[in-house]
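For reference, the structure is listed below as structure tokens.
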Amino acid sequence: MISRQFQITTRTPDETQKLGKAIGKWIEHPLVIGLSGDLGSGKTAFVQGLAEGLEVPDGYYITSPTFTLINEYPGRLPLFHIDLYRLDDICDLEDIGLDELLHDPAVIAIEWAEKMSDDLPAELLTMVFEITGDDERKINLIAYGHNLVNLIKTLELDENIVGKK
Ligand code: ADP
Ligand code: MG
1180 MISRQFQITT
1190 RTPDETQKLG
1200 KAIGKWIEHP
1210 LVIGLSGDLG
1220 SGKTAFVQGL
1230 AEGLEVPDGY
1240 YITSPTFTLI
1250 NEYPGRLPLF
1260 HIDLYRLDDI
1270 CDLEDIGLDE
1280 LLHDPAVIAI
1290 EWAEKMSDDL
1300 PAELLTMVFE
1310 ITGDDERKIN
1320 LIAYGHNLVN
1330 LIKTLELDEN
1340 IVGKK
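Letter 46 of the sequence shown, counting from 1, is numbered 1225 in the working numbering, and no numbers are missing.
Written out as structure tokens, the structure is:
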């Protein structure tokens, strides 16, 4: 499958959110985004921007669904924010209905997605967050499939995205 990689360094939480917003604005079709990286690396900050780009109404505040595992928000497409940090037993995936959720016409952002790598769809956007300084995060995006490769091309041309490498 065709793929394309893109790397960006953000230097404030706001820059990470802006990346999320740019991706959210671009999205027109259902999509799964797998987010990986240590605690505090900015995965949730990214999803906050993503929600903005998907026009989730202002009253919603996006926090890590660490204990609830799944939060759902209304937007141009429904946004499911999933956090698998506390998912110890992979069997739990079925218990929470995630396998069915993956077929929903929605945007599904999954923190600690590597815990379910075998169950992720082939067309996928993966993002790996790395803490490289107090406020610096290196974010590596890999897009799989034609549609998502076009997203990367769009980001490459986006003048609002700073820190591109
Ligand atoms: P995660 O969901 O990966 O655990 P969060 O988004 O909840 O991470 O938290 C990231 C933390 O790091 C926040 O406290 C945020 O203010 C801080 N931070 C500092 N610099 C950045 C940056 N460049 N991008 C994102 N978050 C940053
Ligand atoms: Mg989080």
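Note that beta-carbon positions come from the ideal geometry of N, C-alpha and C, so glycine has one too.
State the Cα-Cα distance for the pair residue i and residue j, rounded to the nearest angstrom.
i, j, result
"residue 1195", "residue 1276", "29 Å"
"residue 1251", "residue 1343", "31 Å"
"residue 1254", "residue 1267", "30 Å"
"residue 1291", "residue 1216", "7 Å"
"residue 1247", "residue 1260", "10 Å"
"residue 1272", "residue 1300", "15 Å"
"residue 1231", "residue 1298", "27 Å"
"residue 1185", "residue 1316", "14 Å"
"residue 1221", "residue 1281", "23 Å"
"residue 1287", "residue 1245", "15 Å"
"residue 1339", "residue 1241", "23 Å"
"residue 1336", "residue 1183", "14 Å"
"residue 1257", "residue 1334", "23 Å"
"residue 1225", "residue 1274", "27 Å"
Give the single residue among the options whose Cα lies nearest to the Cα of residue i.
i, options, result
"residue 1313", "1192, 1181 and 1186", "1192"
"residue 1302", "1325, 1293, 1186 and 1290", "1325"
"residue 1189", "1217, 1258, 1319 and 1281", "1319"
"residue 1263", "1285, 1257 and 1243", "1243"
"residue 1198", "1182, 1218 and 1227", "1227"
"residue 1219", "1180, 1308 and 1186", "1308"
"residue 1229", "1200, 1182 and 1337", "1200"
"residue 1210", "1323, 1341 and 1249", "1323"
"residue 1293", "1265, 1224, 1225 and 1341", "1265"
"residue 1295", "1341, 1224, 1223 and 1278", "1278"
Quick one: measure Cβ to Cβ for residue i and residue j, integer angstroms, because I've assumed they're closer than 8 Å.
i, j, result
"residue 1321", "residue 1305", "5 Å"
"residue 1212", "residue 1289", "7 Å"
"residue 1328", "residue 1181", "6 Å"
Any contact of the stretch 1200-1211 with the stretch 1236-1250, i.e. 3+ C-beta pairs under 8 Å? no
Specify which residues have a beta carbon nearer than 6 Å to any heavy atom of the ligand MG, listing them in chain order. 1222, 1223, 1243, 1262 and 1290
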